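Enquirer: According to the working numbering, the sequence shown is numbered sequentially starting from 255. One structure coming up, written as structure tokens, with questions to follow.
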Amino acid sequence: MSATQETRTPTATLVRGARLLGEDPVDLLLADGRVAEVAPAGTASAGAGARVVEADGLVALPGLVDLHTHLREPGREDAETVLTGSRAAAVGGYTAVLAMANTSPVTDTAEAAERVHDLGRAAGLVDVHPVGAVTKGLAGEELAELGLMARSRARVRVFSDDGRCVSDARVMRRALEYVKAFGGVVSQHSQDPDLAGPTACCHEGEVSGRLGLPGWPGVAEEVIVARDVVLARHTRSRVHVAHVSTAGSVEVLRWAKAQAARDGGWSVTAEVTPHHLLLTTDLLATEGGGYDPTYKVNPPLRPDEDVAALREALADGTVDAVATDHAPHARHDKQHAFVDAAFGMLGLETALPVVSTVMVRSGAMTWRDVARVMSSAPARIAGLEGQGRDLAAGEPANLVLVDPDATTTVDRDASVSLSRNNPWHGRELTGAVHATFLRGVPTVLEGELA
Ligand SMILES: NC(=O)N[C@@H](CC(=O)O)C(=O)O
Ligand SMILES: [Zn+2]
Ligand SMILES: [Zn+2]
């Protein structure tokens, strides 16, 4: 082989012996951005110049898709940028993320959406799809340029005022009507502002009472979920419930999904975050170390009963997807008294290990189920082509290789995110991302950015 050939990036990769969806081991040949061949383990040949990745014992899944990421650019590049957030996504096994609109300025025009889209392209590590705001400036009053964003180069399909609830039912109804024209979906941050109140900062219950913190009651979420599913049925449109956090919301979703399945023509989907699947409100009241703003998040961490209901709902399909709600914040926005600190926690790099630990190791879900909730369902909800596809010949080579048995202790300082508000710091999680490929190009190898 000549020197120039040796240094040239291989165009083909042979992934040898990976367990496809955690099942039978296969060889996957990736070439020209696609899966060229799927063959029984030990039977495919690499061809000259191909990269070989030994994947014995690793699980191959389609690249993960995050319906809910905050990338902070433009406006808060001190907390995260499209580039640093893309790195965190790749390290977490993602090949596509939906970037929330609550930036500064807000993503409420076609130009703003195209800018985020172009920054994602320039970073080149994951597909970055901007979410468009539902209302101008997230003010909840006038609809943003939904149609122009949809028709723009950014092809926006998911609209959300996330961080704020579209609380005016008339505005929500109009948004649901409007997005039907281009197969869009409204992703709602379900929080009735009157019921939750302006200072609500943790789950309303025994712990908030003991700590004297203003509570955010589960019912403030549930009334909006209930209202929105009825509006979706009425408009025959699509609503998506962001970061569902209570057992009561799950009950409403079960009812709504049964109605939608019977009727056809409208739908409700929902996502749960990794933190709502594992962390509980009593983390705020630990002996000697309570009131830690790292655990301040919106919606708040809930009690055990809610966590149990969310796990069950994810396993049985009532909740369609896991979404991170990756919400980086600069140190000076988090290091405050609990009531004054910013809401939000990091999630991209730890989502797969959390889901693996909570859902797979417990036996509640298989790796095939993980592929559904972290890749194919979110891709379908967001209308992404070329993501969340089966790893079959001819499909785009977006995939992640997971070491299902690797146990790691999370170290917030090892993160590639710009921020450090990591609620998993010091926790042991089992299941680690080994490699990520975006259209056949490795973005992560041996757990590190390639
Ligand atoms: N989840 C959070 O606690 N914060 C999010 C907003 C949001 O998702 O509602 C943020 O933008 O920081
Ligand atoms: Zn939100
Ligand atoms: Zn969010």
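Note that the Cβ used here is the ideal one computed from N, Cα and C, for glycine as well. Please read these numbers as outputs of a predicted model, since none were measured by experiment.
Can you list every residue whose CB sits closer than 5 Å to some heavy atom of ligand 3, going in chain order?
Expert: Checking every Cβ against the heavy atoms of ligand 3 under 5 Å gives D416 and D579.
Enquirer: For V624, name the three-state secondary structure that DSSP assigns.
Expert: V624 falls in the helix class under three-state DSSP.
Enquirer: Could you tell me which residues DSSP pairs with G469 in its beta bridges?
Expert: In the DSSP output, where bridge partners are listed per residue, G469 has C456.
Enquirer: Below 8 Å, can you find three or more Cβ-Cβ pairs linking the region 675–685 to the region 295–305?
Expert: Short answer: they don't touch.
Enquirer: Between the alpha carbons of P452 and P658, how many angstroms are there, rounded?
Expert: If I take the Cα positions, the gap works out to 43 Å.
Enquirer: I think G347 touches T323, with their Cβ atoms under 8 Å apart; what is that distance to the nearest whole Å?
Expert: So it is not a contact: roughly 13 Å between Cβ atoms.
Enquirer: By how many angstroms is the C-alpha of L653 removed from the C-alpha of L268?
Expert: So the two alpha carbons sit approximately 13 Å from each other.
Enquirer: Using only the heavy atoms of ligand 2, determine whether one of them is closer than 8 Å to the beta carbon of A450.
Expert: Outside the cutoff, so no.
Enquirer: For A257, collect the residues of the same chain with a Cβ closer than 7 Å to its Cβ; drop the 5 residues on either side in sequence, then sort them by chain order.
Expert: Low confidence applies here, because A257 scores a pLDDT of 42, under 50, leaving its location unreliable; read the following figure in that light. Within the same chain, A257 has no close Cβ partners at all.
Enquirer: Quick one, are the C-beta atoms of G701 and P607 less than 9 Å apart?
Expert: No; because the gap between Cβ atoms is not below 9 Å, this pair is not in contact.
Enquirer: Any heavy atom of ligand 2 closer than 8 Å to the CB of A496?
Expert: Yes, the Cβ of A496 comes within 8 Å of a heavy atom of ligand 2.
Enquirer: Do you know how far the Cα of E603 is from the Cα of T363?
Expert: T363 and E603: Cα-Cα distance of roughly 30 Å.
Enquirer: Taking the C-alpha atoms as reference points, what is the distance between Q259 and V695?
Expert: Reliability fails at Q259, whose pLDDT of 46 lies under 50, so the model's placement of it is uncertain and no value is given.
Enquirer: With 16 other CB atoms within 10 Å as the buried threshold, where does H586 fall?
Expert: When all chains shown are included, H586 counts as exposed.
Enquirer: Could you tell me the distance, in whole angstroms, from the CA atom of R407 to the CA atom of E368?
Expert: Each residue's Cα considered, the two are about 6 Å apart.
Enquirer: If you measure between the beta carbons of E395 and S444, is that distance less than 9 Å?
Expert: Not closer than 9 Å, so no.
Enquirer: Please report the residue range of the beta strand (DSSP E) in which V269 lies.
Expert: Where V269 is concerned, the enclosing beta strand (DSSP E) stretches over A266 to L274.
Enquirer: What number of angstroms, rounded off, separates the C-alpha of V609 from the C-alpha of S630?
Expert: For V609 and S630, the distance between alpha carbons rounds to 16 Å.
Enquirer: Can you tell me the Cα-Cα spacing of E559 and A290, whole angstroms?
Expert: Rounded to the nearest angstrom, the two C-alpha atoms are 46 Å apart.
Enquirer: According to DSSP, G386 sits in a beta bridge with which residue or residues?
Expert: Answer is F413.
Enquirer: Name the two residues that bound the continuous beta strand (DSSP E) containing D657.
Expert: L653 to T663 is the extent of the beta strand (DSSP E) around D657.
Enquirer: Which of the three DSSP states, helix, strand or coil, is assigned to L397?
Expert: Strand, per DSSP.
Enquirer: For H580, which three-state DSSP category applies?
Expert: Correct three-state label for H580: strand.
Enquirer: Three-state secondary structure (DSSP) at P650?
Expert: Of the three classes helix, strand and coil, the one that applies to P650 here is strand, per DSSP.
Enquirer: DSSP three-state label for G391, please.
Expert: G391 falls in the helix class under three-state DSSP.
Enquirer: Do V498 and V526 come within 9 Å of each other at the CB atom, strictly closer than that value?
Expert: Yes, they are a contact pair.
Enquirer: P553: beta carbon under 8 Å from a heavy atom of ligand 2?
Expert: The answer is yes for P553.
Enquirer: Assign H590 to buried or exposed, taking buried as 16 or more other Cβ atoms, counted over all protein chains shown, within 10 Å of its Cβ.
Expert: Counting Cβ neighbours within 10 Å, H590 comes out exposed, since fewer than 16 surround it.
Enquirer: Which of the three DSSP states is assigned to A689 in this structure?
Expert: In the structure shown, A689 sits in a strand (DSSP, three-state: E or B).
Enquirer: Buried or exposed for M255, going by 16 or more other Cβ atoms inside 10 Å?
Expert: For M255, the predicted structure reports a pLDDT of 40, less than 50, and the residue's modelled location is therefore unreliable. A value from the coordinates is still provided. M255 comes out exposed.
Enquirer: If I'm right that A563 touches V627 with Cβ under 8 Å, what's the distance once you round it to whole angstroms?
Expert: Not really, about 16 Å apart at Cβ, beyond 8 Å.
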